[in-house]
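Chemist: Just passing along the structure, written as structure tokens.
4 protein chains.
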Amino acid sequence: MNAAEYVAGLHKLRRKVYIQGELTASPMEHPLVRPSAAAVARTYELQQYPEHEELIYAQSHLSGERINRFTHIHRSADDLMKKVKLQRLLGQETGTCFQRCVGLDAMNALEITTFEMERDLGTPYHQRFNRFLQQVQNENAVCDGAMTDPKGDRARRPHEQADPDLYLRVVSENREGITVRGAKCHQTGALNSHYIIVMPTLAMKEEDRDYAVSFAIGADAPGLIYILGRQPSDRRKMEDDPLDRGNLYFGGQECLIIFDNVFVPWERVFMCREHRYSGRLVERFAGYHRQSYGGCKVGVGDVIIGAAAALAEYQGVAGASHIKDKLVEMIHLNETLFCCGIACSARGCAAASGTYLIDLLLANVCKLNVTRFPYEIARLAEDIAGGLLVTLPSLRDLEHEEIGPLLKKYLQGIAGIDISCRLKMLRLLENFTLGPAAAAYLTESMHGAGSPQAQRVVIARQAHLDHKKNLAMKLAGIETGKEG
Amino acid sequence: MNAAEYVAGLHKLRRKVYIQGELTASPMEHPLVRPSAAAVARTYELQQYPEHEELIYAQSHLSGERINRFTHIHRSADDLMKKVKLQRLLGQETGTCFQRCVGLDAMNALEITTFEMERDLGTPYHQRFNRFLQQVQNENAVCDGAMTDPKGDRARRPHEQADPDLYLRVVSENREGITVRGAKCHQTGALNSHYIIVMPTLAMKEEDRDYAVSFAIGADAPGLIYILGRQPSDRRKMEDDPLDRGNLYFGGQECLIIFDNVFVPWERVFMCREHRYSGRLVERFAGYHRQSYGGCKVGVGDVIIGAAAALAEYQGVAGASHIKDKLVEMIHLNETLFCCGIACSARGCAAASGTYLIDLLLANVCKLNVTRFPYEIARLAEDIAGGLLVTLPSLRDLEHEEIGPLLKKYLQGIAGIDISCRLKMLRLLENFTLGPAAAAYLTESMHGAGSPQAQRVVIARQAHLDHKKNLAMKLAGIETGKEG
Amino acid sequence: MNAAEYVAGLHKLRRKVYIQGELTASPMEHPLVRPSAAAVARTYELQQYPEHEELIYAQSHLSGERINRFTHIHRSADDLMKKVKLQRLLGQETGTCFQRCVGLDAMNALEITTFEMERDLGTPYHQRFNRFLQQVQNENAVCDGAMTDPKGDRARRPHEQADPDLYLRVVSENREGITVRGAKCHQTGALNSHYIIVMPTLAMKEEDRDYAVSFAIGADAPGLIYILGRQPSDRRKMEDDPLDRGNLYFGGQECLIIFDNVFVPWERVFMCREHRYSGRLVERFAGYHRQSYGGCKVGVGDVIIGAAAALAEYQGVAGASHIKDKLVEMIHLNETLFCCGIACSARGCAAASGTYLIDLLLANVCKLNVTRFPYEIARLAEDIAGGLLVTLPSLRDLEHEEIGPLLKKYLQGIAGIDISCRLKMLRLLENFTLGPAAAAYLTESMHGAGSPQAQRVVIARQAHLDHKKNLAMKLAGIETGKEG
Amino acid sequence: MNAAEYVAGLHKLRRKVYIQGELTASPMEHPLVRPSAAAVARTYELQQYPEHEELIYAQSHLSGERINRFTHIHRSADDLMKKVKLQRLLGQETGTCFQRCVGLDAMNALEITTFEMERDLGTPYHQRFNRFLQQVQNENAVCDGAMTDPKGDRARRPHEQADPDLYLRVVSENREGITVRGAKCHQTGALNSHYIIVMPTLAMKEEDRDYAVSFAIGADAPGLIYILGRQPSDRRKMEDDPLDRGNLYFGGQECLIIFDNVFVPWERVFMCREHRYSGRLVERFAGYHRQSYGGCKVGVGDVIIGAAAALAEYQGVAGASHIKDKLVEMIHLNETLFCCGIACSARGCAAASGTYLIDLLLANVCKLNVTRFPYEIARLAEDIAGGLLVTLPSLRDLEHEEIGPLLKKYLQGIAGIDISCRLKMLRLLENFTLGPAAAAYLTESMHGAGSPQAQRVVIARQAHLDHKKNLAMKLAGIETGKEG
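Protein chains in written order, with numbering that gives the first Met the number 0: chain D, 0 to 483; chain S, 0 to 483; chain V, 0 to 483; chain P, 0 to 483.
Pasting the structure below:
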């Protein structure tokens, strides 16, 4: 599949999609959706560039065929590092979330976990999963990985909720398959996907076993309803001219997907009421996805740093020591994130199925830094940009007969740079720090792949605190810790 | 003047106003302008509340009359502290910039500086200013304080710019007055003001004396052109229903004002080519305005903290220790800003005219913290709010026949709280952190009253480093610093 | 009393003092004690300086006499601010803790609380306290304020401890007075005090009423045992020559005081088993003491900034932009602390007794910042100082026949500055960041007047979160918070 | 060579060593030196442990023999990662600097740079270096890598200094070799080394070519003078009993080494007046050494985290949520450093000689984080430890007949843990945060391998800012950056 075929294919899907209160027959033509599909399409376009061949392609461990890396099961630490590098590259190219990692991360987590379930329980979860995977690889398909349930009252577990559907669950089963009901929130790129892969959102206990369910369905399965979320400044994308849009080509997208009694045939059920395995599936998916942020957000960070540096230049302050210092700080923070993405990959190990899993501790450290540093990078970018970032008139004013010339006169920066450069760059940076891309670069950095507290819990669990206490006791000359 | 009279009065002004490429006959009715005028109107409404009497009213040092504090010249440290408390109160009430401080700060800075000029030079700058001030107090008028020039190439001084108008300047004078040309950027609340008070943007040298000019003019003076700036998510305010607006009542506004050969009669000229006094006027205005942020932004911070706390409650996590801890951190940072606002006021001293000036060092420390802590407060608010902050469907969807009930089912938080509470609160917080109010709470916190580097320069100058070195030398037993 | 009389008086006290395993007959002559008494003596010496008269003297509200401010009960917000300024001055003068605030803070907290107890209960606690206070003012005496109990297992309340003495308590009483047993930790300046004022360490409940006890005793009361704590690099003070000492004149001191069945006559008992009043006594003392840190630590910060600036100069880097920037940051952080000290004072209010209490919320905010910024100031000072801070040979080596000249050759900084300046300044900064003064500037900043978590608890309690929620609800258009 | 042979060998060296003003005949028996040699000895002892075999041993690329990794030239990214893991292990084992990395890093930097010089210039620098390396590998010798010159006035370059010896330089040469004069500061582990490897301290220009010199000499070469630096609390190591020492076994050591006309035979000269190659030698050595800190300091961090966790337990607060949260934060910061160490290794590439060089950008990012996070980890450890950290009496007091029992009574923590555990752990943490180990964990983290500004300069140079600008321009729709 190439980029054109990809987009064409999406147009054919018949789905129930609501955008700002209206059922939308052709969502892929909607200006709020198009830029996000364009970002996914970039993952196909890269296939054309020989210089990116090593990153965008991998060899299938199932078929031995050359496949798009976004459908690949990692078989080495090198694979894990290449994933991160590919993500950084695409973040640089699109300046937004290109959405395809979530399905990739879901597939890798399922590959490992279905292997263990089949090994331990005999149910052919792994065989089913591998057949699905083979199809995805053959089709070069895009999968949405759907994990986050609405959760209702967060102080209660699934079966304690007033409404049992606040976590997605199996409501019935028969010989052909299961029927599920519930919803999944924050589905990045949902409308750009061919398949939806559902996973439970937390480690389930016995009482919640109906919620321990994982499966794949076609994006147009009956009973699925998509409701598009709003983003900051989303209306900018709907304006006739693109002048104030910032990022001219790419954008993000998040849907709430409602599963209104959706039927799933057994062939596509990868976990059914196996609550004992739900925790590790969640932990692995989250781990892979926390690694991902050490690549994609770094790529977007590169663009923001570049935008700030360009603005400094256009405004005549590129030589000021405090500006240079702020750029160094932005780079430093951004590369620290990259270090975390690389390190959890380089220390990846083979799971029982032979698939490489990232170092869980370091992947969580990676994501926890991602909940902090992008905010500081954005703050520094605003510092460098100056107040015009939020007081710039519409670029439409520039074309106005009377005030256009005045604006050009008064908003001119250094000589030799056309004023449009400065203004477009300000719009781009506005987009990243306070516009729709901020939803991806900031808030998603906070909550995507789990909120910071989720990372802290894993870090605490993975930290081997007793080993550290023993190290200290040895140097302090404490034998048992209870001497005397 | 009361609030209704205030708004009515603005409608009568005949001004040249451009909004997104169009000349707008009735700007005060424009949905992008109305909420910002409502915020200013609040400074009149407060006059009705006996419980706020001590803050909103002051006694004029000119007439002895009771006046609105926003037209008052500070005559004690207590006045300075009351200003900060009033600002916090209005920040709490409006959740945005209520715009009236900039004129207040300009008048106080001019009062001190025109006194010195008249004393030293004999020109009746102070008499003129006092007559203008008396009129403002009588009318309870709103003044815009206009300082920031476009600056062009920032590495060059005014007279070195390719276009001499990139800083506002005197282009000619005659017996009646002066004619000026140039522009002022980032004019918060420009359209809501009766008068524009212009000041130079930096300390001028001899070669730049034409730029050392300060004056007041009516907001509808011939030659003035207003171009409204765009804000993040500004189109939300233009939607038919207010559902996704966040802050239902109030908003901000910034204009670029162009002075296209504007004539100013001598009676309203408060500084003309007195470059030696331009620096101290700038420093004082900036000082007062940096103090202001220790009040108004703290008030907005209170609302954001409240919004985050309410959301935590609605979502069932108010009891989680990490949530409580984040709220404490937000409060701590916010109150630290308040401490700075109060401290620079409490340590204020009388200038030669008897007017109280804030402690310049501490006012700059105040503002430098304001360039940091609101960003962290906003980040923590996003942490508490959850990802729905940027993926929430339009509230229009809630009213849709088919999906409205589904949304209500799946977005329900804890029992007993109507879902609309949660959703409205999310929209409010989106407004503050990524929407139009973020322009005021974040970017304006960074650049308003001068960018952080400007504060650092003043801090360095005010820090008495030699005294500190001597303290260290004494304790180290160093006599001269060059002994031996 | 002047400084000489003060020191002479201490020599006469007959106390049981242990220093590093030995009973010490003349503790005031011990090199570990002398520098700390010198710091207290400075509070007497200041009385000689007319330029500090307004700070060091106050007018007694009891007698109307001029008294040393360290024995004064605050009767206005101005008094509170002068206290902070005096503390900053003394921090600058001594570069360490001058120890006298703790007694001052204890007396002010007791004045307010004994007033309330006598008013409510009729017991003459306030009369007794005022007689004691009068004596302290007459004598210009130094009081140690003793609050922190050893606490044993911190997860248990006093009466739940395995050993009931782990919190100081009343073990018996008779017509003459009470007998107490227990210990108080971290007693800064204990050996330099004439009186010990004991207070409970937390809000007691009914079951713990024996622990709700407050009283004053003479520093040489029978049953008192002092054990001197060790400090980092304490042995430097015991070396024959003072070369490597850093701060040549002043230092700190902390003791563990054991109360081995100490008798207290009723006349000096200010609270006995009044558990309902213990919490507010603790909160007020802690509040005053948290204010104090916004003065004294700022003064020490001034010295550290001065030392770093001097070193930058001696080493030829004073002009480097990154060095200037770090100095500005240090000043900024230090002045932010000062703002907090001033603000909680300026917003002080009269308690029922007419005594001024600081704003509790802001005083806790002050202290919480003190647990952070001094560490960053010290870190930046180390950055500027360079590695020689921890690799500098003994200054004794400088006097050695063979290597002295070589050291002078190789450790020379810029021309015109004798090498001794650089080396002494390095030793001073070492003292502050890693030596004995670091105990006061860093660890005491963390834990003195309560550890950071204690401040967070008060901030949470004082923050009026419901008011903030209401502000947000109003702007979001939420009526009841439960609508619908 | 095993550990015993190593220590025995050092005793035999005849060197001129001054310690605190005295020429010391047997420095290896000095209590200030012994613990640091013990830390190096640990790099030999590890050879005995089969579980560490993969880390401590490597295969020589010269001889194919199994050698101690501290003498190994890295031939793969895996080698680079193993170095970091070995360093973390030794940091955990010793809780201090084990000193052997500096020589390792010097050798790897020289291997690459001598290869290039010999290739380009024909001088047999590489052959000489390889013969020296072979000897070091055969002997399993310890090398000191000596780079930092005294620098005098830092605003001047070497030849501009008042005294030309303030940077080490070639003063003469003849057929046998060269004679050098100067000094090297901050020589960690100098007295524990068999060889001293000298390198220039910065990129030299033509005028400074005499300073572009690199060579190796025996640690007892004539003309070498060692002067031991002081450390915080160094006297603790000289006390008769080890009770208050903290780390009972290991410590650090820094010397100033003076080269008083030292002769170096040509066979050991690896660079002589090749100023064009001096910059890259410095950059590579610094790069390797900045990588090192991502291992060793992380290991020490592990011990500090363990000490804080143990103290929390002993004091009954291990279950408090704020304590757990602080431990998570410490772990998070520590593992972030590890990520940086691993990432710059995993992205290492082969230089022309086939030797693997770390990723320079990421290695500098690593070190810049090391100048920050250990300070925060130490601060949090002090928070958890409580004030007793700096007020604890001497442990000698515990053994005193009268007060020993009282101390044991009052300093008891939770039941079941002997009091000695608590007290020893407090001493260990004091050692790390304010004692001699703080010199290594904090100040050395700041300045070792170059001060933070040095890292910022490299980061700026390596950041490819133009590429980032182009990325932003593409998305903003800017063609040339100068359009129009």
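Where a beta carbon is used, it is the ideal one built from N, C-alpha and C, also for glycine.
Does the Cβ-Cβ distance between Pro199(P) and Ser277(P) come in under 8 Å?
Modeler: Translated into the one-based positions of the fourth sequence, residue 199(P) becomes position 200. Translated into the one-based positions of the fourth sequence, residue 277(P) becomes position 278. Cβ distance < 8 Å, so Pro199(P) and Ser277(P) count as in contact.
Chemist: Counting only beta-carbon separations shorter than 8 Å, does Gln91(D) have a partner in chain P?
Modeler: Taking the first residue of the first sequence as position 1, residue 91(D) is located at position 92. It does: the Cβ of Gln91(D) has a partner Cβ on chain P nearer than 8 Å.
Chemist: Straight-line CA distance for Met424(D) to Arg155(P)?
Modeler: To locate residue 424(D), count along the first sequence from 1; it is residue 425. To locate residue 155(P), count along the fourth sequence from 1; it is residue 156. Using only the alpha carbons, I get a separation of about 41 Å.
Chemist: Output needed for Asn430(V): all residues of its chain with C-beta closer than 6 Å, excluding positions within five of it in sequence on either side, in chain order.
Modeler: As a working mapping, residue 430(V) is identified with position 431 in the third sequence. Result list for Asn430(V): Gly245, Asn246, Ala436, in chain order.
Chemist: Between which residues of its own chain and Asn67(V) is the CB-CB distance below 6 Å, once the five residues before and five after are set aside?
Modeler: Along the third sequence, one-based indexing puts residue 67(V) at 68. Taken in chain order, the residues that qualify are Asn139.
Chemist: Tyr355(S): which of Tyr287(S), Leu428(S), Leu201(S) sits nearest, CA to CA?
Modeler: For the purposes of this step, residue 355(S) is taken as the residue at position 356 of the second sequence. Nearest option by C-alpha distance: Tyr287(S).
Chemist: Contact criterion: CB-CB distance below 8 Å. Does Ser320(S) meet it with respect to chain P?
Modeler: As a first step, residue 320(S) is located in the second sequence; it is residue number 321 there, counting from the start. Yes, its Cβ sits closer than 8 Å to a Cβ of chain P.
Chemist: Beta-carbon separation of Arg99(S) and Val32(S) under 8 Å?
Modeler: Indexing the second sequence from 1 puts residue 99(S) at position 100. Indexing the second sequence from 1 puts residue 32(S) at position 33. No. Outside cutoff.
Chemist: Taking 8 Å as the cut-off, decide whether the C-beta atoms of Leu167(V) and Tyr210(V) are in contact.
Modeler: For the purposes of this step, residue 167(V) is identified with residue 168 of the third sequence, where counting begins at 1. For the purposes of this step, residue 210(V) is identified with residue 211 of the third sequence, where counting begins at 1. Yes; because the gap between Cβ atoms is below 8 Å, this pair is in contact.
Chemist: Measure the C-alpha to C-alpha separation of Arg180(D) and Tyr225(D) and round it to an integer number of angstroms.
Modeler: In the first sequence, the residue the question calls residue 180(D) occupies position 181. In the first sequence, the residue the question calls residue 225(D) occupies position 226. Approximately 14 Å, taken between the alpha carbons.
Chemist: How far does the alpha helix (DSSP H) with Ser213(V) in it extend, from its first residue to its last?
Modeler: Against the third sequence, residue 213(V) aligns to sequence position 214. Note, Ser213(V): premise wrong, no alpha helix (DSSP H); beta strand (DSSP E) at 212-217.
Chemist: So which residues on chain P does Asp162(S) lean against when the C-beta distance must stay under 7 Å?
Modeler: To locate residue 162(S), count along the second sequence from 1; it is residue 163. Ordered by position in chain P, no residue passes the 7 Å Cβ test against Asp162(S), which lies about 16 Å from the chain.
Chemist: Taking 8 Å as the cut-off, decide whether the C-beta atoms of Pro26(D) and Val16(D) are in contact.
Modeler: Walking along the first sequence from the start, residue 26(D) turns up at place 27. Walking along the first sequence from the start, residue 16(D) turns up at place 17. Taking 8 Å as the Cβ cut-off, Pro26(D) and Val16(D) qualify as a contacting pair.
Chemist: Taking C-beta to C-beta, are Leu427(P) and Asp243(P) nearer than 8 Å?
Modeler: By one-based count along the fourth sequence, residue 427(P) stands at place 428. By one-based count along the fourth sequence, residue 243(P) stands at place 244. No; because the gap between Cβ atoms is not below 8 Å, this pair is not in contact.
Chemist: Please confirm whether Lys366(P) has its beta-carbon closer than 8 Å to some beta-carbon of chain V.
Modeler: The residue labelled residue 366(P) in the question sits at position 367 within the fourth sequence. Not closer than 8 Å to any Cβ of chain V, the Cβ of Lys366(P) fails to qualify, so no.
Chemist: What's the C-alpha gap between Gln252(D) and Asp152(D)?
Modeler: Walking along the first sequence from the start, residue 252(D) turns up at place 253. Walking along the first sequence from the start, residue 152(D) turns up at place 153. Going by the C-alpha atoms only, they are around 26 Å apart.
Chemist: Go ahead and pull the three-state DSSP assignment for Ile111(D).
Modeler: For the purposes of this step, residue 111(D) is taken as residue 112 along the first sequence, with counting starting at 1. Of the three classes helix, strand and coil, the one that applies to Ile111(D) here is helix, per DSSP.
Chemist: Could you pull out every residue in the same chain whose Cβ sits closer than 7 Å to the Cβ of Ser213(P), ignoring the five residues on either side in sequence?
Modeler: Along the fourth sequence, one-based indexing puts residue 213(P) at 214. Leu109, Val197, Met198, Pro199, Phe269, Met270, Leu280, listed in sequence order.
Chemist: Just by C-beta distance, which residues in the segment 222-238 of chain S are closer than 9 Å to chain A?
Modeler: Absent from the structure is chain A; the protein chains it does hold are D, S, V and P.
Chemist: Determine the direct distance from the alpha carbon of Leu367(S) to that of Arg455(S), and round the result to whole angstroms.
Modeler: Mapped onto the second sequence, residue 455(S) falls at position 456. Mapped onto the second sequence, residue 367(S) falls at position 368. Each residue's Cα considered, the two are about 8 Å apart.
Chemist: Within the continuous alpha helix (DSSP H) that includes Tyr48(S), where are the two ends?
Modeler: As a first step, residue 48(S) must be located in the second sequence, where it is residue number 49. Here Tyr48(S) belongs to no alpha helix (DSSP H), and DSSP marks it neither H nor E.
Chemist: Once DSSP output is grouped into helix, strand and coil, what is the label at Cys96(V)?
Modeler: In the third sequence, the residue the question calls residue 96(V) occupies position 97. Here Cys96(V) sits in coil by DSSP.
Chemist: Assuming Asp465(V) is part of the beta strand (DSSP E), what are its boundary residues?
Modeler: Position 466 of the third sequence, counted from the first residue, corresponds to residue 465(V). It is not in any beta strand (DSSP E) - Asp465(V) instead sits in the alpha helix (DSSP H) that spans 464-475.
Chemist: Could you give the DSSP three-state label for Gly144(P): helix, strand or coil?
Modeler: Position 145 of the fourth sequence, counted from the first residue, corresponds to residue 144(P). If DSSP states are grouped into helix, strand and coil, Gly144(P) belongs with the strands.
Chemist: Please compile the residues from chain P whose C-beta is within a distance smaller than 7 Å of the C-beta of Asp104(S).
Modeler: Stepping through the second sequence from its first residue, residue 104(S) is reached at position 105. Near Asp104(S) there are no residues of chain P at all, since even the closest Cβ is about 36 Å away, more than 7 Å.
Chemist: So, at 6 Å on beta carbons, what are the nonlocal neighbours of Thr178(D) in its own chain, with the 5 sequence-adjacent residues on each side left out?
Modeler: Taking the first sequence and counting its residues from 1, the one referred to as residue 178(D) is at position 179. Answer for Thr178(D): Val170, Ser171, Asn260, Phe262, listed in chain order.
Chemist: Restricting to Cα atoms, I'd like to know which of Ala307(S), Asp77(S), Gly340(S), Glu375(S) is closest to Tyr484(S).
Modeler: Because chain S here runs from 0 to 483, residue 484(S) falls outside it and cannot be looked at.
Chemist: In angstroms, rounded to a whole number, what distance separates the CA positions of Val135(P) and Arg235(P)?
Modeler: Taking the fourth sequence and counting its residues from 1, the one referred to as residue 135(P) is at position 136. Taking the fourth sequence and counting its residues from 1, the one referred to as residue 235(P) is at position 236. Each residue's alpha carbon lies about 35 Å from the other.
Chemist: Any Cβ of chain S within less than 8 Å of the Cβ of Gly412(D)?
Modeler: If you number the first sequence from 1, residue 412(D) lands on position 413. By this cut-off, Gly412(D) is an interface position.
Chemist: Can you name, in chain order, every residue of its own chain whose Cβ lies under 6 Å from the Cβ of Cys343(D), other than the five neighbours on each side?
Modeler: Within the first sequence, the letter at position 344 stands for residue 343(D). Contacts found: Gln290, Ile357, Asp358, Leu361, Ala362, Cys365.
Chemist: With respect to the beta strand (DSSP E) encompassing Pro373(S), which residues constitute its N-terminal and C-terminal limits?
Modeler: For the purposes of this step, residue 373(S) is taken as the residue at position 374 of the second sequence. From DSSP, Pro373(S) is part of no beta strand (DSSP E) but of the alpha helix (DSSP H) over 372-384.
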